[in-house]
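Residue numbers (our numbering): 1 to 392. Think of the CB as a built atom: it goes at the ideal place given N, C-alpha and C, for glycine as much as any other residue. Let me begin by presenting the structure, written as structure tokens, before commenting on it.
This is the structure in structure tokens:
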């Protein structure tokens, strides 16, 4: 198999560290401080919330209810409301050290999924996420208290008490970072009095609310879609396209085998495909909080995985790229005469234009902004495609 992660080298998609609670350390201790990498109680010296995981033997059945993870093998159990509990048990406030400090001025799409535990009698509206600087790591005396002194950037709507005990419910939103956010806090940021509650389980006793929480993400809303570099492979072998898979970015990416841009073949940040006997083009459609982007990748068939066609591909350059009104073509191997015509397709694989290749420039003034494929056709060496962008 050929892997093509070159683009993603050093690039972060989900800034939440271990947002799916998959990376674990010790299954002999029930609390996330000792089990889930990247997570701890708001006060790192005090235990906070249990991690439930198939490796621990308490998923899908635990003392709190029956629930499979939203994805993967683990999820968090957190108490977010219990007015009659002792102070050390009122809240399970947890924090996450982000993979990297957020960038000032960038809008981030944030998501998490929650469901009420079967044993919890109440559901609440006050579930939120706060992103803050290093001062978050100095909070010591509010690990289990109401965090009314913090204002979460992402908050479940006021009055919308989540009471579903069967399905994972999405909480999402966007915010603009100020560039100091290094930690994320998951909590109920309201006082008991200000928290709206509703019945979740009429057969349960008491007055508290606990949730299972999974798949938490924070993604740059303008993250470019990425299908990977064009690749050569031996027919019947497999190649990997796209990004490494990660929490939530997977569900945001749908893959298509062009020219069919209506029926998805998979949903994931990256996929494995079998190299066909002929050249195939794949497209990924990425939806980050409603911001949709596309990218395409070409999988060439070659008896050796490398070919003369690849040499020709590498010898052709397009400039400027991004282009404005004119796209220039440079043939470094003097192989312009190999190609008789070119076509232009948009990022949906639709044919936009076909013309004879008479010179080394193409007028693209009439094309709108976007990502395009310039396809070169040759009777001798086969077809070669290059991507270009129009941005005005």
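Contacts around residue i, its chain only, beta-carbon distance under 6 Å, and the 5 residues preceding and following it disregarded
i: residue 367; result: 390
i: residue 247; result: 14, 19, 20, 215 and 217
i: residue 88; result: 144
i: residue 111; result: 172, 217 and 248
i: residue 265; result: 255 and 257
i: residue 168; result: 70, 113 and 115
Beta strand (DSSP E) segment containing residue i, residue limits
i: residue 355; result: 351-356
i: residue 96; result: 94-97
i: residue 77; result: 74-81
i: residue 169; result: 169-176
i: residue 15; result: Neither: residue 15 is in no beta strand (DSSP E) and is coded neither H nor E.
i: residue 198; result: 197-199
Secondary structure of residue i, DSSP reduced to three states
i: residue 138; result: helix
i: residue 311; result: helix
i: residue 1; result: Residue confidence is low: residue 1 scores 48 on pLDDT, short of 50, so the model does not pin down where it sits. No coordinate-derived value is stated.
i: residue 388; result: strand
i: residue 440; result: Residue numbering for the chain in the displayed model covers 1 to 392; residue 440 lies beyond these limits and cannot be assessed.
i: residue 88; result: helix
i: residue 186; result: strand
i: residue 223; result: coil
i: residue 128; result: strand
i: residue 38; result: coil
i: residue 105; result: coil
i: residue 55; result: helix
i: residue 367; result: coil
i: residue 299; result: strand
i: residue 61; result: strand
i: residue 24; result: strand
i: residue 247; result: coil
i: residue 110; result: strand
i: residue 217; result: strand
i: residue 10; result: Because the pLDDT at residue 10 is just 47, under 50, the model does not fix this residue reliably, and the value given afterwards should be weighed accordingly. It is coil, neither helix nor strand.
Beta-bridge partners of residue i, as assigned by DSSP
i: residue 346; result: 372
i: residue 210; result: 79
i: residue 115; result: 212
i: residue 255; result: 266 and 284
i: residue 293; result: 286
i: residue 319; result: 328
i: residue 154; result: 129
i: residue 361; result: 328
i: residue 242; result: 270
i: residue 341; result: 356 and 377
i: residue 231; result: 299
i: residue 393; result: Here the chain has residues from 1 to 392 only, and residue 393 is not among them.
Cβ shell of residue i (< 8 Å), same chain only, five flanking positions each side left out
i: residue 310; result: 232, 300 and 302
i: residue 126; result: 80, 81, 155, 156, 188, 189, 190, 194, 195 and 196
i: residue 340; result: 356, 357, 377, 378 and 379
7 Å Cβ shell around residue i - same chain, five flanking residues per side excluded
i: residue 22; result: 72, 73 and 74
i: residue 108; result: 102, 174, 175, 177, 218, 219, 220 and 221
i: residue 288; result: 109, 219, 221, 223 and 252
i: residue 5; result: Model confidence at residue 5 stands at a pLDDT of 41, short of 50, so the residue's coordinates are unreliable and nothing is read from them.
Q.
Count Cβ pairs between the stretch 86-95 and the stretch 157-174 that sit closer than 8 Å; are there 3 or more?
A. no
(Q) Using a Cβ distance threshold of 8 Å, determine whether the stretch 281-296 contacts the stretch 225-233, with at least three qualifying pairs required. (A) yes
Q) Using 8 Å as the threshold, is the stretch 138-153 in touch with the stretch 213-221, meaning 3 or more CB pairs across them? A) At 8 Å Cβ cutoff, the stretches do not touch.
Q.
Pairs of beta-carbons, one from the stretch 114-122 and one from the stretch 61-68, closer than 8 Å: are there three or more?
A. yes
**Q.** the stretch 187-196 / the stretch 253-265 touching (three or more Cβ pairs under 8 Å)
**A.** no
Q. Should the stretch 233-240 be called in touch with the stretch 263-275, which here means at least 3 C-beta pairs below 8 Å?
A. yes
Q.
Whether or not the stretch 368-378 and the stretch 347-355 are in contact is what I'm after, with contact meaning three or more pairs of Cβ atoms, one per stretch, closer than 8 Å; do they touch?
A. yes
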